[in-house]
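Read through the structure below, which is laid out as structure tokens, and then see the notes.
Number of protein chains: 2
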Amino acid sequence: MAKKSTDPTNTSAAAARQVPMRDFSRSLPMSLLRAREAVMRQFRPSLREHGLTEQQWRILRALAAIEAAEVTELARTAFLLGPSLSRILRDLEARNLIDRKTAKTDQRRSMVSISKEGVKLMAAVAPSSEAIYAEITQRFGARKLAELQEMLGELERSLAGLGAGDEANAEE
Amino acid sequence: MAKKSTDPTNTSAAAARQVPMRDFSRSLPMSLLRAREAVMRQFRPSLREHGLTEQQWRILRALAAIEAAEVTELARTAFLLGPSLSRILRDLEARNLIDRKTAKTDQRRSMVSISKEGVKLMAAVAPSSEAIYAEITQRFGARKLAELQEMLGELERSLAGLGAGDEANAEE
DNA sequence: GGGAGATACTTAACATGTTAAGTGAATGCG
DNA sequence: CGCATTCACTTAACATGTTAAGTATCTCCC
Chain A
112 MAKKSTDPTN
122 TSAAAARQVP
132 MRDFSRSLPM
142 SLLRAREAVM
152 RQFRPSLREH
162 GLTEQQWRIL
172 RALAAIEAAE
182 VTELARTAFL
192 LGPSLSRILR
202 DLEARNLIDR
212 KTAKTDQRRS
222 MVSISKEGVK
232 LMAAVAPSSE
242 AIYAEITQRF
252 GARKLAELQE
262 MLGELERSLA
272 GLGAGDEANA
282 EE
Chain B
112 MAKKSTDPTN
122 TSAAAARQVP
132 MRDFSRSLPM
142 SLLRAREAVM
152 RQFRPSLREH
162 GLTEQQWRIL
172 RALAAIEAAE
182 VTELARTAFL
192 LGPSLSRILR
202 DLEARNLIDR
212 KTAKTDQRRS
222 MVSISKEGVK
232 LMAAVAPSSE
242 AIYAEITQRF
252 GARKLAELQE
262 MLGELERSLA
272 GLGAGDEANA
282 EE
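Each protein sequence line maps, in turn, to chains A and B. Note that the working numbering has the first sequence beginning at 112, numbered continuously upward. Note that the working numbering has the second sequence beginning at 112, numbered continuously upward.
What follows is the structure in structure tokens.
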């Protein structure tokens, strides 16, 4: 019961490597996950004090920036899936942080906007949020931060339209 | 009902900016989230075909690498919180993909290891997983990928020990 | 050696991620 | 016009993230 036979991960595709598959803790998804967690860990306590989750905060910020939007558009902006957004909007509406009304021209669409209360809440949260972001920027370095963001954007673009399956709406 | 009063986000901390708080879609957390999603989107279909979620796959990989581990250690390696890991291990054990046994010296600890079936499953998934990783590496560029990972690691390190609250177990 | 406190997990409760199905309202087209 | 499709969401169902409690063991120290 010592070694578990020869590494099952030593496939033809991985044969060029010396270790049994990328050290795993150094895989790209893990690196991204850990980096993001390190960042979010800074923000969560502050948000929590104001009774907001990360996603709820994303939605409020998105709404504050675009004045009013359809649910689908908001999902794209806040990078949330429809079902998640649906649930969250229901809660935010119950808390009177947002307003909704169905569009006049198309009863299927509903227009969402931030409410007065929502604006007040944002005003209460924004200062510490900005302070935290500033601290992160200072620690990591503004220049490097910009570089990092650029690379992340490149990565995203380089993978766009891979494994999509439906190439219908590729470029418009 | 036009503009929502003056930007509530225009706080002293943010006063230096021209826009009402960083464009939001360009915030660091969003960049990291989107980049990671772009990457994971490539892997999920393949994992799904084998009946595995991303997290389950992380656990199997971690176990394959370290032979056997306590739950806490595994949580650290696979970067999962205890409760999530607890649930997933219960399921993986029910599917006979892992083995567990309580440690002899300490009844609180349980040692987890990958089972023969688990190894077989890994062998089945690894090829396509490696192929996808290779494709990503090629698209983005191996050199840039290494740079990106380095920066992500730096970011993580630069934020380590910020907002922890309990500095007791800092280095040791 | 016995009880307070620390440990290693597990459960619980609530929120979101993810995929599939459902619903009601527009659209296109014969 | 009428009806099959498409659309914009919402529900449902299951898995994980996140924080707080709970449970069984262990450790330490008097």
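From the three backbone atoms N, C-alpha and C, an ideal C-beta is built for every residue, glycine too.
Distance between beta carbons of residue 226 of chain B and residue 66 of chain B, contact taken as under 8 Å: Chain B is shown from 112 up to 283; residue 66 of chain B falls before or after that span and cannot be answered.
Cβ-based burial, residue 138 of chain B [other Cβ within 10 Å; buried from 16]: In the second sequence, counting from the first residue as 1, residue 138 of chain B sits at position 27. The residue in question, residue 138 of chain B, is buried, as its Cβ has 16 or more Cβ neighbours within 10 Å.
Buried versus exposed, by CB contacts within 10 Å (16 or more), residue 159 of chain B: The count along the second sequence starts at 1 and reaches residue 159 of chain B at position 48. Classification for residue 159 of chain B: exposed.
Contact check, residue 153 of chain A vs residue 273 of chain B, beta carbons under 9 Å: Your numbering for residue 153 of chain A matches position 42 in the first sequence. Your numbering for residue 273 of chain B matches position 162 in the second sequence. Yes.
Proximity winner among A:203, A:172 and A:198, relative to residue 188 of chain A (alpha-carbon distances): Position 77 of the first sequence, counting from 1, holds the residue named residue 188 of chain A. Nearest of A:203, A:172 and A:198 to residue 188 of chain A, Cα basis: A:172.
Element boundaries [alpha helix (DSSP H), containing residue 269 of chain B]: Your numbering for residue 269 of chain B matches position 158 in the second sequence. That run of the alpha helix (DSSP H) goes 253 to 270.
Bridge-paired residues (DSSP) for residue 210 of chain A: The residue given as residue 210 of chain A occupies position 99 in the first sequence. Answer is A:224.
Element boundaries [alpha helix (DSSP H), containing residue 181 of chain A]: Along the first sequence, read from residue 1 onward, the residue named residue 181 of chain A stands at position 70. First-last for residue 181 of chain A: 179 to 181, but that is the beta strand (DSSP E), not the alpha helix (DSSP H).
Span separating the alpha-carbon of residue 246 of chain A from that of residue 146 of chain A: Position 135 of the first sequence, counted from the first residue, corresponds to residue 246 of chain A. Position 35 of the first sequence, counted from the first residue, corresponds to residue 146 of chain A. If I take the Cα positions, the gap works out to 16 Å.
Rounded distance between the beta-carbons of residue 259 of chain B and residue 262 of chain A, thought under 8 Å: Residue 262 of chain A sits at position 151 when you count from the first residue of the first sequence. Residue 259 of chain B sits at position 148 when you count from the first residue of the second sequence. Their Cβ separation, rounded to whole angstroms, is 5 Å, which keeps residue 262 of chain A and residue 259 of chain B in contact under 8 Å.
Same chain, Cβ closer than 8 Å to residue 174 of chain A, five either side skipped, listed in chain order: Here residue 174 of chain A is taken as the residue at index 63 of the first sequence, counted from 1. Within the same chain, residue 174 of chain A has close Cβ partners 180, 185, 209, 223, 224, 225 and 229.
DSSP-derived helix/strand/coil call for residue 154 of chain A: Along the first sequence, one-based indexing puts residue 154 of chain A at 43. Helix, per DSSP.
Anticipated Cβ contact below 8 Å, residue 157 of chain A with residue 236 of chain A, distance rounded: Stepping through the first sequence from its first residue, residue 157 of chain A is reached at position 46. Stepping through the first sequence from its first residue, residue 236 of chain A is reached at position 125. Confirmed, about 7 Å.
Reduced DSSP category for residue 215 of chain A - H, G, I as helix; E, B as strand; rest coil: For this step, residue 215 of chain A is matched to residue 104 along the first sequence. In the structure shown, residue 215 of chain A sits in coil (DSSP, three-state: anything other than H, G, I, E or B).
For residue 248 of chain B, three-class secondary structure by DSSP: The residue you call residue 248 of chain B lines up with position 137 of the second sequence. It is helical.
Closer than 7 Å at the beta carbon, the chain A residues around residue 272 of chain B: Here residue 272 of chain B refers to the residue found at position 161 when the second sequence is read from its first residue. The premise fails here: residue 272 of chain B is roughly 10 Å from chain A at the closest Cβ pair, so nothing lies under 7 Å.
Cβ neighbours of residue 214 of chain A in the same chain (closer than 6 Å, five flanking residues each side left out): Position 103 of the first sequence, counted from the start, is the residue given in the question as residue 214 of chain A. 220 and 222, listed in sequence order.
Residue 222 of chain A at chain B interface by Cβ criterion, 9 Å: Position 111 of the first sequence holds residue 222 of chain A. Not one chain B Cβ lies under 9 Å of residue 222 of chain A.
Proximal residues, the region 137 to 161 of chain A versus chain B, C-beta separation under 8 Å: 137, 138, 139, 140, 141, 142, 143, 144, 145, 146, 147, 148, 149, 150, 151, 152, 153, 154 and 156
Minimum Cβ-Cβ distance from residue 219 of chain B to chain A less than 9 Å: Stepping through the second sequence from its first residue, residue 219 of chain B is reached at position 108. No, because no Cβ of chain A sits closer than 9 Å to the Cβ of residue 219 of chain B.
Distance CB(residue 167 of chain B)-CB(residue 217 of chain B) smaller than 9 Å: For the purposes of this step, residue 167 of chain B is taken as residue 56 along the second sequence, with counting starting at 1. For the purposes of this step, residue 217 of chain B is taken as residue 106 along the second sequence, with counting starting at 1. The answer is no: Cβ separation not under 9 Å.
Closer than 8 Å: residue 139 of chain B CB and nearest the ligand PLP heavy atom: The ligand PLP is absent from the structure shown, which contains no ligands of any kind.
Pairwise C-alpha distance: residue 252 of chain A and residue 264 of chain B: On the second sequence, residue 264 of chain B is found 153 positions in, with the first residue counted as 1. On the first sequence, residue 252 of chain A is found 141 positions in, with the first residue counted as 1. Approximately 14 Å, taken between the alpha carbons.
Contact list for the region 186 to 200 of chain B against chain A, Cβ threshold 8 Å: 188 and 190
Short CB-CB distance (under 9 Å) between residue 99 of chain B and chain A: It is not possible to answer for residue 99 of chain B, since the shown part of chain B is limited to 112 through 283.
Minimum Cβ-Cβ distance from residue 169 of chain A to chain B less than 9 Å: If you number the first sequence from 1, residue 169 of chain A lands on position 58. At least one chain B Cβ lies under 9 Å of residue 169 of chain A.
Alpha helix (DSSP H) segment containing residue 201 of chain A, residue limits: By one-based count along the first sequence, residue 201 of chain A stands at place 90. Segment 193 to 205, the alpha helix (DSSP H) holding residue 201 of chain A.
Closer than 9 Å to chain A by CB, residue 267 of chain B: Within the second sequence, residue 267 of chain B is the residue found at index 156, counting from 1. Closer than 9 Å: yes.
Residue-chain proximity (residue 134 of chain A, chain B), Cβ-Cβ < 9 Å: Your numbering for residue 134 of chain A matches position 23 in the first sequence. Yes, its Cβ sits closer than 9 Å to a Cβ of chain B.
Exposure label - residue 241 of chain A; buried when at least 16 CB within 10 Å: For this step, residue 241 of chain A is matched to residue 130 along the first sequence. Buried is the call here.
Backbone CA spacing between residue 239 of chain A and residue 256 of chain A [nearest angstrom]: For the purposes of this step, residue 239 of chain A is taken as the residue at position 128 of the first sequence. For the purposes of this step, residue 256 of chain A is taken as the residue at position 145 of the first sequence. Answer to the nearest angstrom: the Cα atoms are 20 Å apart.
Beta-carbon gap between residue 96 of chain A and residue 170 of chain A smaller than 9 Å: Outside the shown range of chain A, which is 112 to 283, sits residue 96 of chain A, and nothing can be said about it.
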